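Have a look at the structure below, then the notes.
Number of protein chains: 2
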Amino acid sequence: MTEATRRERLRAETEREIRQAARALLVESGRDAVTLRAIARKLGITAPALYRYYDSHDALLRQLCDDICADMAAALYADLAADTSGQVGCQVRAVCHAFRRWALAHPQEFALVFASPRDPLGADQFGSVFLQLAGRLIASNLVANHADDDVPEVLHEDLARFQQVLMDAVSVHGVVVEDSVLNLGKIYHVVQSWVRLYGHVALEVFGRFPFAVSNPEPMFDSMLDQMLTDIGFQDTQVS
Amino acid sequence: MTEATRRERLRAETEREIRQAARALLVESGRDAVTLRAIARKLGITAPALYRYYDSHDALLRQLCDDICADMAAALYADLAADTSGQVGCQVRAVCHAFRRWALAHPQEFALVFASPRDPLGADQFGSVFLQLAGRLIASNLVANHADDDVPEVLHEDLARFQQVLMDAVSVHGVVVEDSVLNLGKIYHVVQSWVRLYGHVALEVFGRFPFAVSNPEPMFDSMLDQMLTDIGFQDTQVS
DNA sequence: GAACTCTTGTAAACACCGTTCACTGAAACC
DNA sequence: GGTTTCAGTGAACGGTGTTTACAAGAGTTC
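Here the protein sequences come in this chain order: S and P.
Residue 1219 is where the first sequence starts when you use the numbering used here, and the numbers rise one by one after that.
Residue 1219 is where the second sequence starts when you use the numbering used here, and the numbers rise one by one after that.
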């Protein structure tokens, strides 16, 4: 079964521990606490040894970002799977709620991944959940048709590229969609929904609403309702 | 005129230089480059001397945040003043565009102020521009009436508090508004607009749109149009 | 003007950081 | 068994925030 040599197994194990330690430090004490020496201390080794696994502190942080994205995606998928209604509308709600819940539970991770002026992170990393679900939602044809005329011409090229990404994401799961179903108007509204979802969650995580919100959840629900209405979603049908 | 002693003047001057140096470092090389020793080096003094002005590195960063907020507010006001149309709709557009422009031109500052899991920053700091303009917009009665029934009951208390903040912000400038004009439905929509504005700008600054946007400005304009329409604003009249 | 205090700066030190380099010892390979 | 590969060490360099003791000038008081 295990074709890996003893050395390879040890190396993999150590690398796993490094990631785990880095993650724990981030969660416990914030980004600035993710230090090579602190990580090494947790493993009972010395800092230079980490250079056998990562080229630099920065590379390790990038790996950390990827791990976070993967974990978040897993969490979202789990919450999506927990929804047994079979209704796409409920699924969208479930994933949006899961995203908010994850962000509030992991503010440091959220800040690192979603609010750092860094290199654009691999699209397939964090986006896959949203992409797939957004694609599925659109393909379900439960969303009201939005004419392509509504979206400015300048955006057509970008949106068309995103359209391709969406279709690929959906087709990976065996669903084939036609261009006409996944038209630019719909895609534009998906992007607008992402703006609102991200905006609300980020404002909440960073406490940047213009006033103290004592009970943010109903506000989020209310925003979600409005968002789904605006996107033209009819949540009476079953996918 | 100057009641300050010579020593007080010198101290104020040094403090000004400290802030200026810190700001320059942030802009040039990011948050991590804002170092006590680097600041001191710029002033030609030693790092411990800075402790005569700030209790810690963290306190200095907080001061930096305040400075940034003040500068941003000034920039927004300037762009607001540059709009001579006299139409509230144009003013709102001008301020939103100014916010986006400022954020894109100052990504490091934006990240520090708007996307750090820190203490909630003084509301009067950054919000004043938006508050005042939002209040002015609402008070102008150009916004369609939104029934209070639309907003969930749980939010009423928070929104009522924000209502008071808004009315105070407006009344500072001599404008008196009645509760009925500034009803909760309208206020709720103002908050929703902030969610979208912030969401779009932050996503753009951090490059977190789900696809590469080659020309983001028309997308922003499009979002702004939709936002103003949703808020029920009629942009034909003059305030 | 002398004596005194208050303020602003320095230099040295401490513990921590990322990173490099020469080196060790054990595992893996032939 | 000899050789190579490689994870890990220890020392070092220059950087960081922060504390401490100390110097020197400005302002005040007698």
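Glycine included, C-beta positions come from ideal geometry on N, C-alpha and C.
Only a predicted model underlies this, so the values are computations on that prediction, with no experimental measurement involved.
With its beta carbon at least 7 Å from every one in chain P, S1247/S lies outside the interface.
In the displayed model, F1427/P falls within coil according to three-state DSSP, outside both helix and strand.
With contacts defined as CB atoms closer than 7 Å, V1361/S and I1449/S qualify as a contacting pair. Interface criterion met: the Cβ of A1333/P is under 7 Å from a Cβ in chain S. In terms of Cβ geometry, S1411/P and M1385/P do not form a close pair [threshold 7 Å]. Collapsing the DSSP output to three states places V1413/P in a helix.
Using a Cβ distance threshold of 7 Å, I1286/S and V1331/S count as a contacting pair.
A contact is defined here as three or more CB-CB pairs under 8 Å, and the stretch 1264-1284 of chain P fails this definition with respect to the stretch 1369-1379 of chain S. Per the coordinates, the alpha-carbon of I1356/P lies some 14 Å from the alpha-carbon of H1391/P. In the same chain as Q1309/S, and ignoring 5 residues on each side of it, the C-beta atoms closer than 7 Å to its own belong to L1298, D1301, L1351, in chain order. In the DSSP secondary-structure assignment, V1331/P is not bridged to any residue. Here the alpha carbon of F1438/P sits roughly 48 Å from the alpha carbon of R1229/S.
Closer than 7 Å to the CB of S1432/S there is at least one CB belonging to chain P. Within the stretch 1362-1399 of chain P, complete alpha helix (DSSP H) segments of at least 4 residues are found at 1371-1389, given in chain order. In this structure, F1424/S lies near A1333/P, with their beta-carbon atoms less than 7 Å apart. Within the same chain, and ignoring the five residues on either side of S1303/P in sequence, the residues whose Cβ sits closer than 8 Å to its Cβ are Q1309. For Q1444/P, the enclosing alpha helix (DSSP H) stretches over residues 1434-1448. Within 7 Å of the CB of P1370/S, the CB atoms of chain P belong to P1436, S1440, in sequence order along the chain. For V1419/P and R1318/P, the gap between their C-alpha atoms comes out near 6 Å. Listed along chain P are P1428, each with a C-beta nearer than 9 Å to that of L1349/S. Per DSSP, the beta-bridge partners of F1451/S are V1361/S.
Chain S places a beta carbon closer than 7 Å to that of L1421/P, counting this residue as a contact.
Counting the other Cβ atoms within 10 Å of the Cβ of Q1326/S gives 16 or more, which makes it buried.
Of the candidates A1291/S, H1275/S, A1267/S, G1417/S, A1291/S places its Cα closest to the Cα of L1349/S. Among the residues of chain S, those whose CB is under 9 Å from the CB of E1375/P are S1432, N1433, following chain order. In the three-state reduction of the DSSP assignment, I1263/S falls in the coil class. Below the 7 Å Cβ cutoff, chain S contributes no neighbours of F1317/P, its closest Cβ being approximately 13 Å away.
Annotated three-state conformation of Y1271/S is coil, per DSSP. Here the C-alpha atom of L1261/P lies approximately 10 Å from the C-alpha atom of L1268/P. A distance below 7 Å between beta-carbons, with the five flanking residues on each side excluded, links V1431/P to the following residues of its chain, in chain order: M1437.
Within 10 angstroms of the beta-carbon of R1227/S lie fewer than 16 other beta-carbons, which makes it exposed. Excluding the 5 residues flanking it on each side, V1388/P has same chain C-beta neighbours closer than 7 Å at Q1350, G1353, R1354, A1357, V1395, in chain order.
Using beta-carbon distances, R1379/P counts as an interface residue toward chain S, with a partner under 7 Å. The beta-carbon of H1407/S is placed no less than 7 Å from the nearest beta-carbon of chain P. Residue N1433/P holds the alpha-carbon nearest to the alpha-carbon of E1375/S among N1433/P, V1306/P, R1311/P, A1277/P.
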